[in-house]
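Just so you know, the UniProt record's numbering puts 197 at position 197 of the sequence shown, and the rest follows in order with no gaps. Just so you know, even glycine gets a beta-carbon here, dropped at the ideal spot from N, CA and C.
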Amino acid sequence: MWVVFLSDYIFTIRQLPQIWRLVTSFFVTGPQLGLIMDPFFLYHYSSQLETGSPRFSTPGAYAFYILFVSTVILLTGGFYLGGITLLNPLSMALIYTFAQDDPNRVVQFFIVQMPAKYLPYASLAITYLMAGQYATLVQATGILAAHLYDFLDRIWPRFGSGPKLIQVPQWIQRQFAAPAGVGQGRSYGTAFTGRTGGPGQPPAQNQTGSGGGWASGSSWTGRGSGRRLGGE
């Protein structure tokens, strides 16, 4: 196949390197139930994270997250383990991050309801029963990738009292930043990019709330004190 991950066809000097496999392998999954469930999980949990997770409120943060976990999956599930279809571990990475954001949320996995924190391991168990140990190991690289991102982004700064070890590059933020004054809808509010004031005017300040500067504010908070009707 021309789309699965085969390193011998990517890093070669005997023919034109097929570098597109680095990307297309994330659009291919295994047979049987994976043909239905992996695309569904990818769409469902990707939508949940992109629009509902506060950790991805910075412009381009979600795209950088996908780039990061995909790179780790390529190195571990692709190069090290020899996996050729990587949609399954990518979906697992999204499931794991979703579970870390809201571990006690009750979700439904097939016909069983459970806290979200158990969802990644239930998915691993199903893969083991249906596809065997090797497929489970490749899928587990998604957990490894997502946990590494979570450690660098949240666990170490919060619990290790250390600096945040991973930041969204400025060039990625610029690519995804909305024009000034244009709102970006999120499940917990609306994000607005501030405008720069004209000559002699201070720049507009974003109205902040619990969303760390991304929640919408009221237009009345920026008005002056006004004058009483009928006054001089």
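Taking C-beta separations shorter than 6 Å and ignoring five residues to either side along the sequence, ILE155 has no partners in its chain. The DSSP-derived three-state label of MET92 is helix. In the same chain as ASP101, and ignoring 5 residues on each side of it, the C-beta atoms closer than 6 Å to its own belong to SER53, in chain order. Note on geometry: alpha-carbon atoms of ALA146 and GLN133 lie some 20 Å from one another.
The C-beta of ASP8 has fewer than 16 other C-beta atoms within 10 Å across all chains shown, which makes the residue exposed. With contacts defined by Cβ atoms closer than 8 Å, LEU94 and TYR45 form a contacting pair.
Going by beta carbons, VAL23 and LEU148 fall outside the 8 Å limit. A straight-line Cα-Cα distance of about 9 Å links THR29 and PRO89. Closest in alpha carbon position to TYR96, among GLY78, PHE79, LEU75 and ILE66, is ILE66. Straight-line spacing of the CA atoms in GLN15 and ARG21 works out to 15 Å. Apart from the 5 residues on each side of it in sequence, PRO120 sits with its Cβ closer than 7 Å to the Cβ of MET92, ILE95, TYR96, ALA99 and ILE143 in its chain, given in chain order. By the Cβ neighbour-count rule, GLN108 is exposed, with fewer than 16 other Cβ atoms within 10 Å of its own. Taken through DSSP and simplified to helix, strand or coil, PHE159 comes out as helix.
A straight-line Cα-Cα distance of about 34 Å links ALA135 and ARG158. Rounded to whole angstroms, the Cβ separation of LEU152 and ALA140 is 19 Å, and the two are not in contact under 8 Å. The shortest CA-to-CA distance from ASP150 to any of ALA116, GLY83 and PHE68 is the one to PHE68.
Per DSSP, PHE40 is not a residue of any beta strand (DSSP E); the alpha helix (DSSP H) it occupies stretches across 34–52. LEU74 places its beta carbon 8 Å or farther from that of PHE27. Burial check for THR76: the Cβ neighbour count within 10 Å reaches 16 or more, so the residue is buried. By the beta-carbon neighbour count (other beta carbons within 10 angstroms, threshold 16), VAL112 is exposed. Ranking PHE40, GLY34, ARG55 and ASN104 by CA distance to the CA of LYS164 puts ARG55 first. Counting every other CB atom within 10 Å of its CB across the protein chains shown gives SER47 a total below 16, marking it as exposed.
ALA178 counts as exposed, since fewer than 16 other beta carbons sit within 10 angstroms of its beta carbon. In this structure, DSSP gives MET114 an extended state, which the three-state scheme calls strand.
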